[in-house]
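Written below as structure tokens is the structure these notes are about.
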Amino acid sequence: MRKILLLLLLFHALFQLRAQRINIPIETNQNALVLQTDKDNRLGIIYFGKKLSQTAEYLNIGKAYKYNDENAGIYNGVYTPSGTFNLAEPAFEILHADGNTSSDLKYINHQVVKIDENINQISILLKDPIYPVEVTLYFKTYAKQNVMEQWSVIKHQEKGTVTLKKYASANLYFVAKDYYLHHYHGGWAKEMKPEDTKLTAGIKTLDSKLGTRANLFQPPTFMLSFDRQATEDDGKVLLGTLAWSGNFKIDFEKDSYQNLRLIAGINPHASEYALAANEEFKTPSFIQTYSENGKGEASRNMHDWARKYRLLDGEGSRLTLLNNWEATYFNFDETKLTSLFKGAKDLGVDMFLLDDGWFANKYPRNSDAAGLGDWQENKKKLPNGIGYLVKEATKAGVKFGIWIEPEMVNPKSELYEKHLDWVIREPNRPEIYFRNQLPLDLSNPEVQNFVFGVLDDLFTKNPELAFIKWDCNAVVYNAHSMYLERMKKPQTQLYVDYVKGLYKILERIRAKYPKVPMMLCSGGGGRVDYEALKYFTEFWVSDNTDPLERIFMQWEYSYYYPVIAQCNHITDWSKVGIKFRTDVAMMGKMGYDIVVSKLDEKELEFSQNALKNYANLKETIWHGDMYRLVNPFENQMASVQFVNKNKDQSVVFNYLTENRYDLVSLLKGIKLSGLDTKKKYKIKEINLYPNSKSTINTEQIYSGEYLMTIGINPDISSRRTSVVLEINEVK
Ligand code: GLA
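My numbering applies: residue 337 is where the sequence shown begins, and numbers increase by one.
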């Protein structure tokens, strides 16, 4: 009798447990994402927004919002499956080994692991009640930076292969009155062109199907404002991005409740993935930060996070450099190059960067039509090899760096002749070129070895090599892999396996060369994302170095990436004076791509001084807080401020961006940000052109309060189109 009673009690307890809703609050210092199971034990998102001070009150949220609709399925699912109850856009779609297409995911358990004082990792196990398929959702929170990173891991124990058709990284749910999306389009030399749209019912998609150089037309970065358009200092806004260097798809689905579903991940287009039993598929990370105080705060949080946790050597230093791409293009030899080293030294930069054109012999790299793949020094141009150049640069007092594009091949190359099976191409169709070249098949481990070898060889032969510019200039046409064919794997894995192959190579490079700075370049900014930036110290913003264009481009990039990662070069692309070009390049990682000996005396003197100013300010620019004071998209000028963390140094860059007569608005003062109200500051204009005088009073002492309440007028005009102000605490 007692035994029966005990059993009854146990059943009762178990039943209670099942009926009880599981609540999972996932929090940073400011924000919370709250998950809750429903009566069928499916996990949904019941809240996203500002964190509540009393965790227990999250329990009431479910009652405040009515989510479930018997007909429409569950919109707020935390990882919506397909083929069963869900009729909205799924996050997860698979084909079982037996050909069945249905899936369901129910909550099993979750774990919270405290990684350190700032980081928690929450993992939640979901299982299909019928098929042995499981998905573990990971949420990594960075409390202080208010950043959340999420991804999923998919696994099964079916008898045979399961085909993953859609495998998103994140599936979020937002409740607001309206949703405003700030997103981007672009092309070569026109990266990061912003567009704003109010989301309407249905699905808005941001995506790429280019394979490599995946961000050429669209990056995986966006801003989402809730209720109304957020401004720099006001409004609810989420900055989001997918950390993946290949095809992506980000869907914003406004559902029939006027709520917003976000599904972000690898683009399922032509990317079905075969998963063997017990094998794990880990999706890329979706990274977001949310602020109720506008875009500026959100972006500063993202910067702090990136520098501390993501970007390679994000809290470290960077090298200023002189690049020879625009100075010489393919037309150089040893003598010409070594003569440029002196220019680098005269200017005062740290390094000389040798660009494209130094390699290949049978089909010399004298234009972009030949030679890619043959990574041996061209004997005619460089009879004494790279080693000689490194030595000569050292003698001239500068470091030496080099350009490579190891993922690619020109059909006019020995590599192509020898290893046709390493090339991505449809064997039965005409080849289609992008910049006269084709991508190599990085899904093939032999090709991975080759690409690693290109770099390893350079370093083995030239251990003093100080820098790599890693380029990637073609997209994937004719997505076909001879390797996958040989391995009897589906061709649809190529897009994913290419990127995984790339990361394997970069992993190996970083295991052997953990510190050497590398620039991520892709025919300009065709590949910028937070997975690649684990391995790179910086990225090439765009081949377009016109300073006016750059003000806008750098402005938009800066929301997502700290400026220490942005390579800005002063070139002859535009006819604008060197001061304007220099001032704009200074708002990031500064470099040059000019022939120094062609600068006149004043230009050289100006540049040398500017580099000295940069040396004095770079810590503040690279590691300080960035404030966008005047938006050039809405005004005839731009103003950007950096303040160091101690608030004792700041620099404000101001530019005239539209040269119309009588610009009254420019006469107003600009309110500064980020200073200490109680500190006293002095302002001086720097980067003055030789013999010109500043109109700024350098003797006046201001309180931080004054500068942030009343502001200062940089005195921008058609005669003063670019004004840089350095602000220092007076002690
Ligand atoms: C790409 C890069 C340029 C330069 C050339 C060299 O276009 O973006 O900076 O390196 O390749 O071919």
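Where a beta carbon is used, it is the ideal one built from N, C-alpha and C, also for glycine.
Whole-Å CB distance - residue i paired with residue j, under 8 Å assumed
| i | j | result |
| --- | --- | --- |
| ASN583 | ALA550 | 6 Å |
| MET962 | HIS639 | 7 Å |
| ASN904 | MET926 | 6 Å |
| SER635 | SER894 | 7 Å |
| ALA579 | GLU867 | 4 Å |
| PRO853 | PHE795 | Not confirmed; about 13 Å, so no contact. |
| LEU776 | MET744 | 7 Å |
| ILE957 | VAL920 | At roughly 12 Å, the Cβ-Cβ gap does not stay under 8 Å, so ILE957 and VAL920 are not in contact. |
| GLN784 | LEU708 | Contact flag wrong, Cβ pair sits at about 17 Å. |
| ILE381 | LEU371 | 6 Å |
| ALA663 | ASP929 | 6 Å |
| LEU992 | VAL976 | About 14 Å; that fails the 8 Å criterion. |
Alpha-carbon to alpha-carbon, residue j and residue i
| i | j | result |
| --- | --- | --- |
| ARG822 | ASP833 | 15 Å |
| TYR831 | GLY522 | 22 Å |
| SER1053 | ASN1023 | 16 Å |
| PRO742 | ARG357 | 53 Å |
| ASN396 | ALA479 | 24 Å |
| GLY547 | ASP1051 | 47 Å |
| SER607 | SER779 | 13 Å |
| GLN352 | LYS375 | Its pLDDT being 48, under 50, GLN352 is placed unreliably by the model, and the measurement read from it follows with that caveat. If you take the alpha carbons of GLN352 and LYS375, they lie about 12 Å apart. |
| ILE760 | ILE586 | 26 Å |
| LEU842 | SER561 | 35 Å |
| LYS1082 | ASN945 | Coverage of the chain is limited to positions 337 through 1067, which leaves residue 1082 absent and any answer about it impossible. |
| GLU531 | ASN982 | 36 Å |
| HIS348 | LEU441 | Here the model assigns HIS348 a pLDDT of 49, short of 50, so the residue's position is not dependable, and the following value carries that caveat. Near 25 Å, if we compare the C-alpha coordinates of LEU441 and HIS348. |
| VAL931 | VAL912 | 16 Å |
| LYS501 | TYR813 | 21 Å |
| ASN990 | SER910 | 19 Å |
| LEU535 | ALA506 | 19 Å |
| VAL489 | ILE599 | 16 Å |
| LYS805 | ILE740 | 6 Å |
| SER418 | PRO465 | 14 Å |
| GLY721 | LYS715 | 7 Å |
| LYS824 | VAL498 | 15 Å |
| GLU1065 | VAL685 | 28 Å |
| ASN980 | PRO426 | 44 Å |
| ILE1032 | ILE1048 | 9 Å |
| LYS1015 | THR1034 | 17 Å |
| PHE872 | MET889 | 20 Å |
| ARG354 | ASN377 | With a pLDDT of 48 at ARG354, under the threshold of 50, the predicted position of this residue should be treated as unreliable, and no value is reported. |
| GLY435 | GLU494 | 12 Å |
| GLY571 | LYS590 | 20 Å |
| GLY385 | ASN637 | 16 Å |
| GLY413 | ASP563 | 22 Å |
| ALA504 | PHE475 | 14 Å |
| GLU939 | GLY960 | 29 Å |
Contact test: residue i Cβ vs ligand 1 heavy atom, cutoff 8 Å
| i | result |
| --- | --- |
| ASN809 | yes |
| GLY859 | yes |
| ASP692 | yes |
| TRP487 | no |
| ASP879 | yes |
| LYS805 | yes |
| TRP711 | no |
| ASP532 | no |
| GLU741 | yes |
| TRP876 | yes |
| TRP580 | no |
| ASP704 | yes |
| TRP661 | yes |
Closer than 8 Å: residue i CB and nearest ligand 2 heavy atom
| i | result |
| --- | --- |
| GLY652 | Here the bound small molecules are ligand 1; ligand 2 is not part of this structure. |
task = Could you tell me whether the region 699-710 touches the region 642-650, using the rule of 3 or more Cβ pairs below 8 Å?
result = no
ask   = Three or more C-beta pairs closer than 8 Å, one from the region 759-769 and one from the region 536-545: is that the case here?
value = no
task = Answer yes if the region 847-865 comes into contact with the region 798-812, meaning at least three C-beta pairs across the two stretches below 8 Å, and no otherwise.
result = yes
query = Looking at C-beta atoms only, is the number of pairs between the region 448-460 and the region 508-516 that lie closer than 8 Å three or more?
reply = no
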